[in-house]
Amino acid sequence: MTDGLSLEKSTIFAPPEGPVLIVVADGVGVAPEGAQNAVTEAATPTLDRLTSAEGMATTLLAHGPAVGLPSEDDMGNSEVGHNALGAGRIFAQGAKLVNQALASGSIYESEVWAGAMKAARSGTLHLLGLHSDGNVHSHTDHLYQLIERAAEEGVERIRVHILLDGRDVAARSALDYIAQTEQALQKACEHCLVESGHDADYRIASGGGRMTITMDRYEADWPMVERGYNAHTHGIGRAFSSATEAVETMYAESDAGDQYLGAFVIHDDTGPIGRMTDGDAVVLFNFRGDRAIEISQAYEADETFDKFDRGDHPDVYYAGMLQYDGDLQVPTNYLVEPPAIDRTMGEFCVAEGLRSFAISETQKFGHVTYFWNGNRSGYLDESLETYVEIPSDNVEFNLTPAMKLYEITDRTIELLRTGEYDWGRLNFPNGDMVGHTGDLGATIQAMQVLDECMARLVEVIDELGGVLVYTADHGNADIMFTEVDGVRSPKTSHTLSPVPFAIHDASGAATYRVVSDPEAGLSNVAATVFNLMGYEPPEDYRPSLLKA
Numbered sequence: 321m322t323d324g325l326s327l328e329k330s331t332i333f334a335p336p337e338g339p340v341l342i343v344v345a346d347g348v349g350v351a352p353e354g355a356q357n358a359v360t361e362a363a364t365p366t367l368d369r370l371t372s373a374e375g376m377a378t379t380l381l382a383h384g385p386a387v388g389l390p391s392e393d394d395m396g397n398s399e400v401g402h403n404a405l406g407a408g409r410i411f412a413q414g415a416k417l418v419n420q421a422l423a424s425g426s427i428y429e430s431e432v433w434a435g436a437m438k439a440a441r442s443g444t445l446h447l448l449g450l451h452s453d454g455n456v457h458s459h460t461d462h463l464y465q466l467i468e469r470a471a472e473e474g475v476e477r478i479r480v481h482i483l484l485d486g487r488d489v490a491a492r493s494a495l496d497y498i499a500q501t502e503q504a505l506q507k508a509c510e511h512c513l514v515e516s517g518h519d520a521d522y523r524i525a526s527g528g529g530r531m532t533i534t535m536d537r538y539e540a541d542w543p544m545v546e547r548g549y550n551a552h553t554h555g556i557g558r559a560f561s562s563a564t565e566a567v568e569t570m571y572a573e574s575d576a577g578d579q580y581l582g583a584f585v586i587h588d589d590t591g592p593i594g595r596m597t598d599g600d601a602v603v604l605f606n607f608r609g610d611r612a613i614e615i616s617q618a619y620e621a622d623e624t625f626d627k628f629d630r631g632d633h634p635d636v637y638y639a640g641m642l643q644y645d646g647d648l649q650v651p652t653n654y655l656v657e658p659p660a661i662d663r664t665m666g667e668f669c670v671a672e673g674l675r676s677f678a679i680s681e682t683q684k685f686g687h688v689t690y691f692w693n694g695n696r697s698g699y700l701d702e703s704l705e706t707y708v709e710i711p712s713d714n715v716e717f718n719l720t721p722a723m724k725l726y727e728i729t730d731r732t733i734e735l736l737r738t739g740e741y742d743w744g745r746l747n748f749p750n751g752d753m754v755g756h757t758g759d760l761g762a763t764i765q766a767m768q769v770l771d772e773c774m775a776r777l778v779e780v781i782d783e784l785g786g787v788l789v790y791t792a793d794h795g796n797a798d799i800m801f802t803e804v805d806g807v808r809s810p811k812t813s814h815t816l817s818p819v820p821f822a823i824h825d826a827s828g829a830a831t832y833r834v835v836s837d838p839e840a841g842l843s844n845v846a847a848t849v850f851n852l853m854g855y856e857p858p859e860d861y862r863p864s865l866l867k868a
């Protein structure tokens, strides 16, 4: 993996006496001050000092083409953000890859699509995924194109299993997406009849909120996957005559946003309309990997699967939009090749014999390991690396706005003080995870805890003579609501905001300054860190933000 990789020592930048620590404040963007901005509404003296230090701070792009996404309208996310941080270059990412494959038609030329269509023509095509155009995990345009193509290829029975969003889009927008999908299904049915002369039966079959069913990640909550699996596969769940009825009923019962609505199953006079049977095809149309791995394993695994009782598990042809974990090879069948990210920052550091650590809690542990390392599971070199996962609590995170920041900070300080590590990286998740709940007060508290922990880290870096790099992967906590005609609506999605970038050098007399470049993004961080450690970055990396 690291054969032939090497770094040249810099003749301009000298390494610090102590370690370099990279802190990623997940979901903490830079947006105008105001009541909607939990970042600026919070009391954060340490962050204020870091991000206002003359010549040592700037902002970075964390969305759109700067992180490999299709357009300036595409919000960044934690996965592409950490890919960019670790890769040092810009790679086409999930949505862009899928868009390209759909536009060229290559997605339909694969053996996997042919296998899914063969199964679907003799059974049912089940399409499962996050049901919105948020473009973070999925996009309904992709769903509609798959439906249209399946109709053209003579598939007569389609069932759509929808995971309600309310996180990357407006908190209560599910009914709009359901109406759009039902229209697309009706149009495809009519096309099938006209083109092939066959009646078609295309319907929504099951669903539920993304934080209630199916879309767990990092094995934090397998019962959540079990609820989704049972609803989609066996038709087990609260019964309704339509998805619209299900959502309207649950809206009337509580103030919960779409992401927290319970599982539902659509019934007709014969019972659940979407139960899966042997020989069916199941396609997960999500393109983002973290919340797609566990449900993929539930469908693909053999009888040794032990995470929950799958009951009478049907033998289906299962495929993902992408391969969500290349090392685990999950899923086996996938429609679009994932980005091949090589020569990552971590690989160069291992090749140089530099010792490092990576730490976060469960919710973001994979981001500072798997995604940082170019979508690779496990260690690059266990003799040089230490990975620490702090288990997350299974709670709604606005109830615990500190999450595990104190524990992450304590363990990071222990690692730094060993003197064994040249550099380390950590993710503080609460700006993102609490921000996603839409709870402004809790997110303000989250930012204040983050600031408290940053103060402790700065103190230790000063003690050890090191350098601290502070940044984020995308925005979220910086815009917590929108306001129209005096009416506030919670904003639970990521933002298009830039993110902070600041350096604290314990020497107090740095011989360099941070360059402010309006085109600089997260992929410029790796080269910058190489300079801070006394190396020149690889020639094809995005340029360093440092100027001597």
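Numbering (this note's numbering), first residue to last: 321 to 868. In this text, a Cβ means the ideal position worked out from N, Cα and C, and glycines have one as well. Here the structure is a predicted model, which is why all the values come from computation and not from measurement.
How is residue i classed by DSSP in three states: helix, strand or coil?
| i | result |
| --- | --- |
| A382 | coil |
| D798 | coil |
| E772 | helix |
| L417 | helix |
| D752 | helix |
| K867 | strand |
| S809 | strand |
| T729 | helix |
| M305 | Any property of residue 305 remains undetermined from this structure, which presents the chain solely from 321 to 868. |
| A439 | helix |
| D323 | coil |
| T815 | strand |
| R737 | helix |
| V778 | helix |
| E328 | strand |
| G408 | coil |
| G529 | strand |
| A350 | Reading off the sequence, residue 350 comes out as Val, not Ala. V350 falls in the coil class under three-state DSSP. |
Which word fits residue i, buried or exposed, when buried means at least 16 other C-beta atoms lie within 10 angstroms of its C-beta?
| i | result |
| --- | --- |
| D455 | Here the sequence assigns Asn to residue 455, which means Asp is not the residue at that position. Classification for N455: buried. |
| S452 | buried |
| K867 | exposed |
| L719 | exposed |
| Q683 | buried |
| P711 | exposed |
| Q506 | exposed |
| S843 | buried |
| P336 | buried |
| R487 | buried |
| R737 | exposed |
| R808 | exposed |
| I307 | Lying before the first or after the last residue shown, residue 307 is absent from the chain, which here runs from 321 to 868. |
| V789 | buried |
| D626 | exposed |
| G349 | buried |
| E783 | exposed |
| A382 | buried |
| T732 | buried |
| S697 | exposed |
| S616 | buried |
| A714 | The question names Ala, but residue 714 in the sequence shown is Asn. It is exposed - the Cβ of N714 has fewer than 16 other Cβ atoms within 10 Å. |
| P365 | exposed |
Any idea which residues DSSP pairs residue i with across the strands?
| i | result |
| --- | --- |
| V343 | L746 and Y790 |
| G698 | For G698, which the question treats as bridged, DSSP gives no partner whatsoever. |
| I679 | V708 and L746 |
| I586 | F560 |
| P820 | T379 |
| H446 | R479 and V602 |
| E859 | Per DSSP, none; premise fails for E859. |
| Y654 | G640 |
| D825 | V787 |
Checking contacts by CB at 8 Å: is residue i closer than that to chain B?
| i | result |
| --- | --- |
| T534 | In the structure shown, chain B cannot be found, because there is only a single protein chain. |
**Message:** Would the region 760–772 count as touching the region 432–451 if we require 3 or more Cβ pairs under 8 Å?
**Reply:** no
**Prompt:** Using 8 Å as the threshold, is the region 653–661 in touch with the region 568–587, meaning 3 or more CB pairs across them?
**Reply:** no
**Request:** Note down, one range per segment and in chain order, each beta strand (DSSP E) of at least 3 residues found wholly within the region 452–525.
**Result:** 477–484
**Message:** Assess contact between the region 438–447 and the region 826–833, defined as three or more Cβ pairs (one per stretch) separated by less than 8 Å. Is contact present?
**Reply:** no
**Prompt:** Can at least three beta-carbon pairs, one atom from the region 488–506 and one from the region 538–546, be found at a separation below 8 Å?
**Reply:** no
**Message:** Suppose only complete runs of 4+ residues qualify. What are the alpha helix (DSSP H) ranges in the region 590–648, listed by chain order?
**Reply:** 613–620
**Prompt:** When the Cβ atoms of the region 581–598 are set against those of the region 518–526, are three or more pairs found closer than 8 Å?
**Reply:** yes
**Asked** Would the region 794–803 and the region 739–747 be scored as touching if the rule is three or more Cβ pairs under 8 Å?
**Response** no
**Prompt:** Is the number of C-beta pairs between the region 420–429 and the region 370–385 that are closer than 8 Å three or more?
**Reply:** no
**Item:** Cβ pair count under 8 Å reaching 3, the region 747–767 against the region 679–696
**Value:** yes
**Request:** Answer yes if the region 393–413 comes into contact with the region 607–615, meaning at least three C-beta pairs across the two stretches below 8 Å, and no otherwise.
**Result:** yes
**Prompt:** Do the region 338–357 and the region 812–823 make contact, defined as three or more Cβ pairs closer than 8 Å?
**Reply:** yes
**Asked** Is the region 846–858 touching the region 665–674 in the sense that three or more CB pairs, one from each, lie closer than 8 Å?
**Response** yes
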